[in-house]
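The block underneath contains the structure these notes are about, expressed in structure tokens.
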Amino acid sequence: MALSYGDLVTVRYPDGALYTGKIGRPGESGGAVIRPNTPLGNALLGKRFGVGARVEYSVPGQGTFVVTLEELEKADEGCA
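Quick note: the sequence shown uses my numbering, first residue 84, plus one each step.
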């Protein structure tokens, strides 16, 4: 299943740092929102990744980055 708006993901950067955020909708803001118009958000949204996948994305003027998908909670799985 492809990653979509509202999914909660945790990624690990090469230095070991973890970041957890919700894939937000366009215009959505907040502390832990991965915006779809950012390089990481664009690399995740609509793609089929599972835990352990390596996700590569480029940031203009900064280079290419690779993160590892550590956790994934689909938006509809967390609803009771």
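Heads up, the beta-carbon is just placed ideally off N, CA and C, and yes, glycines get one too.
Counterpart residues of residue i in DSSP-defined beta bridges
i, result
"THR147", "SER141"
"GLU154", "THR93"
Whole-angstrom C-beta distance between residue j and residue i, which should lie under 8 Å
i, j, result
"LEU123", "VAL134", "With a Cβ gap of about 17 Å, LEU123 and VAL134 do not count as contacting."
"ASP98", "LEU155", "Not quite, the Cβ-Cβ distance comes to about 21 Å (not below 8 Å), so this is no contact."
Limits of the unbroken alpha helix (DSSP H) element including residue i
i, result
"GLY110", "No alpha helix (DSSP H) contains GLY110, which DSSP labels as neither H nor E."
"ALA126", "122-127"
Selection from the options that minimises the alpha carbon distance to residue i
i, options, result
"LEU128", "ARG108, GLU154, THR147 and ASP159", "ARG108"
"GLY113", "GLY144, SER141 and GLY104", "GLY104"
"SER141", "SER87, ARG118, VAL92 and ASN125", "ASN125"
"TYR96", "ARG137, ASN120 and PRO119", "ARG137"
Endpoints, beta strand (DSSP E) assigned at residue i
i, result
"GLY104", "101-106"
Test item: CB-CB of residue i and residue j under 8 Å
i, j, result
"VAL150", "VAL116", "no"
"LYS130", "ALA85", "yes"
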